[in-house]
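Numbering (our numbering), first residue to last: 95 to 326.
Here's what the structure looks like:
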């Protein structure tokens with residue numbers, strides 16, 4: 095059954111257009127491959143779809159550069175000269191811009207001022223003042239952030255201190271956290287027993303001098319002694 099002829103015009107439906115492109119592209123690449131094998135030809139195909147996707151075919155016996163070099167030789171057309179000249183011009187512009195930037199940097203450091211006229215010097219001074227203003231504003235902002243951070247740390251430390259003092263006062267009012275006599279064993283402010291603490295002073299009351307207190311180093315045992323913990 096013969097295939098019907100189709101009208102050669104743009105396919106409006108995007109899905110059908112993409113399917114047709116894919117089928118015919120594969121068919122074209124297949125024909126190029128057959129031509130390469132049967133006739134020992136060098137074939138190159140470059141295709142760009144309507145969605146800007148690149149598809150290419152090159153004969154296995156040659157590279158794309160070799161193919162274009164052979165094309166230039168056969169036609170006498172230099173494909174690279176215009177592109178090379180354009181790249182050279184872009185390189186020249188970049189070098190010129192780089193030199194100007196380096197010169198401006200040196201001028202801002204106080205060098206290379208001999209070639210500047212009065213207006214250029216005024217403009218340089220204005221730019222420098224604006225730069226100093228921006229740097230100062232940034233510096234003040236950084237300092238302000240550090241000050242705020244330090245204030246938050248101080249407030250946090252004060253809150254912790256108040257909380258610890260509150261817990262200390264509550265435990266001081268609780269009888270089970272009180273200290274016992276004779277200096278043998280006592281419970282500290284956290285409620286844990288300790289033996290012979292080094293920071294205990296024993297106070298002895300003398301009968302003949304009731305108003306005098308004698309401090310004896312910690313660790314002494316006496317029935318008339320009362321021990322008190324020294325809080326650091």
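From the three backbone atoms N, C-alpha and C, an ideal C-beta is built for every residue, glycine too.
- Judged by DSSP in its simplified three-state form, residue 131 adopts helix.
- The region 112-123 and the region 141-150 touch, with no fewer than 3 CB-CB distances between them shorter than 8 Å.
- Fewer than three beta-carbon pairs drawn from the region 210-222 and the region 233-248 are found closer than 8 Å, and the two stretches are therefore not classed as touching.
- When only Cα atoms are considered, residue 103 and residue 112 end up about 14 Å apart.
- When secondary structure is reduced to three states using DSSP, residue 236 falls in the helix class.
- In this model, residue 114 and residue 158 are separated by some 27 Å (Cα to Cα).
- Just so you know, the alpha carbons of residue 199 and residue 173 end up roughly 41 Å apart.
- Going by DSSP, residue 102 is part of no alpha helix (DSSP H) at all; its letter is neither H nor E.
- Among the bridge pairs identified by DSSP, residue 177 is matched with none.
- The residues 142, in chain order, have a CB closer than 7 Å to that of residue 148 in the same chain once the five nearest residues on each side in sequence are set aside.
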